[in-house]
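Quick note on numbering: the sequence shown equals residues 33 to 378 in my numbering. The block underneath contains the structure these notes are about, expressed in structure tokens.
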Amino acid sequence: MPVAVGIGLTNECNLACAHCYRPTLQQQRLSVGEVEQILDNLDVGSVNLGVGENGVHPEYRRVLAVFRERGVKTAITSNGYSLDMLADEELSGFHSVELSFDFPTKAEMDEFRGIGSWETAVGSVERCQRLGVPVAVAAVMMNTNYDKMEELARFASSLGVDLRVNVYQPVAGEGFTLSYEEFWRGFANLFAAGPVVVCSEPLVNAIMGLETTRGNPCGRTSIRALPAGTIAPCPYWPSAAARIPHLSEGEGSIWERREFERSRRLPEACEPCRFVRSCAGGCASRRALRGRLEEPDEYCPVVRGGDEEVERIREMLRYTLSNPEDVPKAGNACTTVIKAVGQPRS
């Protein structure tokens with residue numbers, strides 16, 4: 033079965049965002065040979081480039097050429113730096129592109145990421161549109177912006193693109209972690225902005241009643257190759273499962289390694305739950321990072337207050353559904369995409 037592969041060529045970045053999960057103690061880079069090993073030993077359905085800013089890697093363009101030569105469906109999440117260095121022909125080789133935004137205004141974004149960040153990202157969105165490259169805005173929902181999700185979606189709509197949102201994970205610290213109420217109010221704000229294209233955050237998907245997930249995709253239908261040369265079920269997973277050379281042992285063996293099995297583990301308390309089929313314990317990485325892998329997701333309303341609390345949350349999550357789209361990240365991350373509504377800005 034084809035798998036979605038997330039690859040981080042490097043942990044380096046031209047920016048130093050406070051909420052970023054990339055390791056920074058020492059420089060880490062994958063070689064072109066290691067990337068080719070991944071492609072040789074996995075049934076790769078798609079690749080998404082993330083972790084650091086991949087364009088900082090000295091062989092970034094060579095890696096993109098390898099993907100094109102092999103016909104690999106390739107996406108990238110970037111602050112714009114990795115796109116600015118590419119010729120139009122190279123940029124047009126991406127199946128999709130996402131530009132990172134944390135806030136809906138230039139002042140907030142530049143204060144958080146650095147002066148010029150807003151203009152670089154907006155310029156990259158507009159360039160992709162001119163070239164006909166599918167492009168979207170990507171954001172991390174944090175305790176500093178959960179109440180701005182609707183504004184972010186409206187901003188994305190003004191550009192004529194969709195908004196994709198991931199929930200902040202406490203890899204580097206708790207400073208941006210959402211409280212229980214902030215988590216659900218953030219999604220309520222998000223859903224108020226436009227139709228939902230996809231929601232593969234398993235807990236939210238289950239409470240919405242969509243039942244289109246079977247737990248988180250990490251360790252099931254997706255895999256990560258990190259800049260240190262390690263393989264993990266998820267970029268947020270706290271420990272490595274293997275190293276890239278281990279892939280040559282056969283694709284099946286990687287899924288049987290201890291860390292992959294742990295990522296699929298169902299908390300005992302979740303077994304009798306009516307949402308267990310689609311939620312499967314929620315986000316395993318979030319549970320593992322908290323040291324509570326054997327417990328339900330901390331944002332679970334069933335645990336907080338049973339059916340009464342579930343109904344309260346469902347009342348908050350008023351949503352409409354968009355027509356399905358080809359969203360590469362939907363198969364390899366717990367993510368939510370909101371459809372752009374309204375008219376693009378002139």
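Think of the CB as a built atom: it goes at the ideal place given N, C-alpha and C, for glycine as much as any other residue. Remember, predicted model here, so these are calculated numbers, not experimental data.
Contact check for Ala312 against Arg256 fails: the beta carbons are separated by 8 angstroms or more. For Pro34, the number of other beta carbons within 10 angstroms of its own is below 16, and it is reported as exposed.
In this structure, Gly282 is the residue among Ile108, Phe135, Trp150, Gly282 with its C-alpha nearest to the C-alpha of Leu71. For Ser156, the enclosing alpha helix (DSSP H) covers residues 149 to 163. In the structure shown, the three-state DSSP call for Val334 is helix. In the three-state scheme derived from DSSP, where H, G and I count as helix and E and B as strand, Cys49 is classed as coil.
The C-beta of Ala119 has fewer than 16 other C-beta atoms within 10 Å across all chains shown, which makes the residue exposed. When Phe144, Glu151, Val157 are compared, the shortest CA-CA separation from Thr176 is found for Phe144. Nearest neighbour of Cys231 by Cα position, chosen from Tyr53, Lys371, Cys52, turns out to be Lys371.
By alpha-carbon distance to Leu163, the top candidate from Ser310, Phe135, Leu123 is Leu123. The C-beta of Asp329 has 16 or more other C-beta atoms within 10 Å across all chains shown, which makes the residue buried. A distance below 8 angstroms between beta-carbons, with the five flanking residues on each side excluded, links Ala220 to the following residues of its chain, in chain order: Met348, Leu349, Arg350.
For Leu131, the secondary structure class from DSSP, reduced to helix, strand or coil, is strand. Under the three-state reduction of DSSP output, Asp329 falls in the coil class, being neither helix nor strand.
Taking every protein chain shown into account, the CB of Ile286 has 16 or more other CB atoms within 10 angstroms, so this residue is buried. By DSSP's assignment, Met173 forms a beta bridge with Val199. One Cα belongs to Cys332, the other to Leu235, and the distance between them is close to 7 angstroms. Within the segment 63 to 93, the alpha helix (DSSP H) runs of at least 4 residues that lie entirely inside it are, in chain order, 64 to 73. By the criterion of a C-beta distance shorter than 7 angstroms, Leu242 is surrounded in its chain by Cys231, once the five residues flanking it on both sides are discounted. Residue burial annotation: Asn43 is buried, with at least 16 other C-beta atoms found within 10 angstroms of its C-beta. Nearest to Glu291 by C-alpha distance, out of Tyr268, Ala301, Gly155, is Tyr268.
When DSSP states are grouped into helix, strand and coil, Ala264 belongs to the strand group. With respect to Ser295, Gln201 sits apart: the two C-beta atoms are not nearer than 8 angstroms.
The C-alpha of Ala139 is placed about 21 angstroms away from the C-alpha of Gly218.
Cys250 places its beta carbon less than 8 angstroms from that of Pro265. Listed as beta-bridge partners of Ile255 by DSSP are Val37. Going by DSSP, Ala365 is part of no alpha helix (DSSP H) at all; its letter is neither H nor E. DSSP, read as helix, strand or coil, puts Cys315 in coil. For Cys231, the pairing in a beta bridge is given by DSSP as Thr368.
Under the three-state reduction of DSSP output, Ser271 falls in the coil class, being neither helix nor strand. By the criterion of a C-beta distance shorter than 6 angstroms, Val67 is surrounded in its chain by Val95, once the five residues flanking it on both sides are discounted. Here Ala301 has Glu327, Pro328, Val335 as same chain residues with Cβ atoms under 8 angstroms from its own Cβ, once five neighbours each way along the sequence are excluded.
In the structure shown, Ser124 falls within a coil segment according to DSSP collapsed to helix, strand and coil.
If you draw a straight line from the Cα of Ser280 to the Cα of Glu151, it comes to about 43 angstroms. Take Ala224, set aside five residues on each side of it, and the residues of its chain with a beta-carbon closer than 6 angstroms to its own are Glu182, in chain order. The C-beta distance from Asn80 to Ala107 rounds to 5 angstroms, short enough to meet the 8 angstroms contact threshold.
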